[in-house]
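In our numbering, the protein residues as written are 21 to 317.
Ideal Cβ positions, reconstructed from N, Cα and C, are used throughout, including at glycine.
Quick notes on the structure that follows.
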Ligand code: NAD
Ligand code: MG
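As structure tokens, then:
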């Protein structure tokens with residue numbers, strides 16, 4: 021079986037998918053995604069890069085967060101999995117994969133639009149893992165609207181709460197407990213610099229996450245805490261079929277990138293592992309673009 025180190029052509033390493041038009045109610049499930057996304061379940065090979073580390077990953081039930089949680093566990097970390105209660109099925113599967121890797125998986129369902137839930141999540145990590153040294157802010161809400169005036173006040177509020185406020189609340193609760201050497205990794209997007217006309221609210225949050233990352237990174241660097249971001253391009257996840265994209269665009273999803281295909285969550289996990297691990301000790305306030313070749317500033 022190939023793993024992430026196998027020498028391969030990146031054009032053909034993963035299938036050039038053409039997903040059928042489909043819709044799931046938010047937040048969507050990996051279990052119902054067609055075709056199935058590759059989370060690295062069968063391919064990610066750990067080599068002790070995060071031995072003994074203690075992580076929170078938000079949105080860890082599916083997509084990029086799930087692939088990251090699997091990789092972290094196989095690299096030796098214990099993981100608190102944050103997700104919405106509706107996603108229990110996906111979360112239980114990922115927890116099982118983490119336990120099979122011999123690591124601790126703590127399931128922590130809850131709505132991060134609530135500040136108290138964010139603070140409790142940090143408390144859960146401290147109590148269940150005995151500390152915290154990796155925080156991955158990855159949960160996200162993305163709902164496409166053809167017309168700007170169709171973005172309801174509620175959608176705008178929920179998108180900002182999920183993508184920006186939760187990152188603020190979680191980071192604020194975590195920082196007092198983070199030891200020197202700890203890392204915070206935020207998930208931004210190519211949308212931060214190339215906003216789609218249908219994603220005005222979402223793209224606004226992603227630019228904000230990039231900026232938050234670069235400002236906070238300078239403040240926390242002297243304490244030995246590194247803050248960085250990962251900016252995915254088009255990645256095949258439930259976000260895309262739960263109103264994240266106009267349905268008629270799904271069959272061509274990701275095909276306009278230089279690699280000519282959508283990315284799989286499994287291809288994102290190594291970026292998070294790199295930024296979490298001490299091997300990136302001099303990388304601070306960076307945005308690592310994992311987007312199939314689309315130019316970035
Ligand atoms: P995903 O649907 O698998 O993950 C998003 C997760 O966010 C959900 O699983 C859910 O658990 C969590 N979430 C949403 N609202 C929440 C809430 N109120 N409380 C708690 N959790 C909540 O999709 P994904 O694509 O893996 O998304 C992960 C991150 O990647 C998001 O921040 C997204 O914006 C970002 N991203 C994705 C793409 C892409 O093409 N898929 C591109 C760029 C950035
Ligand atoms: Mg999910």
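Can you check DSSP and say which residues form a bridge with residue 252?
-> The sequence position of residue 252 within the chain shown is 232, counting from 1. Residue 252 has 310 as its beta-bridge partners, per DSSP.
State buried or exposed for residue 169, treating a residue as buried only when at least 16 other CB atoms are found within 10 Å of its CB.
-> In the chain shown, counting from the first residue as 1, residue 169 sits at position 149. Burial call: exposed.
Would you check if the region 234-248 and the region 137-150 touch, i.e. whether three or more CB-CB distances between them fall below 8 angstroms?
-> Segments in contact, no.
Hey, out of 107, 256 and 275, whose CA is closest to residue 60's CA?
-> Counted from its first residue, the chain shown places residue 60 at position 40. Nearest of 107, 256 and 275 to residue 60, Cα basis: 256.
Assign residue 245 to one of three DSSP states: helix, strand, or coil.
-> Position 225 of the chain shown, counting from 1, holds the residue named residue 245. Here residue 245 sits in coil by DSSP.
Does DSSP put residue 318 in a helix, a strand or coil?
-> Residue numbering for the chain in the displayed model covers 21 to 317; residue 318 lies beyond these limits and cannot be assessed.
Mapping DSSP to helix, strand and coil, what is residue 163?
-> In the chain shown, counting from the first residue as 1, residue 163 sits at position 143. Looking at residue 163 - three-state DSSP - the assignment turns out to be coil, as it is neither helix nor strand.
Cβ neighbour criterion (16 or more within 10 Å) applied to residue 122 | Position 102 of the chain shown, counted from the start, is the residue given in the question as residue 122. In summary, residue 122 is exposed, with fewer than 16 beta-carbon neighbours lying within 10 Å of its beta-carbon over all protein chains present.
Closer than 6 angstroms by C-beta to residue 53: which residues in its own chain qualify, once you throw out the five before and the five after it? Chain order, please.
-> The residue labelled residue 53 in the question sits at position 33 within the chain shown. Leaving aside the five residues that flank residue 53 on each side, the residues in its chain whose CB is nearer than 6 angstroms to its CB run, in chain order, 258.
Return yes when at least one heavy atom of ligand 1 lies under 7 angstroms from the C-beta of residue 275, else no.
-> Mapped onto the chain shown, residue 275 falls at position 255. No; taking the cut-off as 7 angstroms, the Cβ of residue 275 has no heavy atom of ligand 1 nearer than that.
Just checking my contact of residue 41 with residue 268 at CB under 8 angstroms: how many whole Å lie between their CB atoms?
-> Position 21 of the chain shown, counted from the start, is the residue given in the question as residue 41. Position 248 of the chain shown, counted from the start, is the residue given in the question as residue 268. With a contact defined as Cβ atoms closer than 8 angstroms, residue 41 and residue 268 qualify at about 7 angstroms.
Indicate the three-state DSSP secondary structure (helix, strand or coil) for residue 134 in the structure shown.
-> Numbered from 1 along the chain shown, position 114 holds the residue referred to as residue 134. Reduced to three states, the DSSP call for residue 134 is coil.
Taking the continuous beta strand (DSSP E) assigned at residue 75, which residues delimit it?
-> Working through the chain shown from its first residue, we reach residue 75 at position 55. Counting along the chain, the beta strand (DSSP E) containing residue 75 begins and ends at 74-78.
Residue range of the unbroken beta strand (DSSP E) whose run includes residue 236 = Position 216 of the chain shown holds residue 236. Where residue 236 is concerned, there is no enclosing beta strand (DSSP E), although the alpha helix (DSSP H) it sits in stretches over 220-240.
Could you tell me which uninterrupted alpha helix (DSSP H) segments, each at least 4 residues in length, are contained entirely in the region 172-208, listed from first to last along the chain?
-> Fully enclosed alpha helix (DSSP H) runs of 4 or longer: 173-180 and 186-194.
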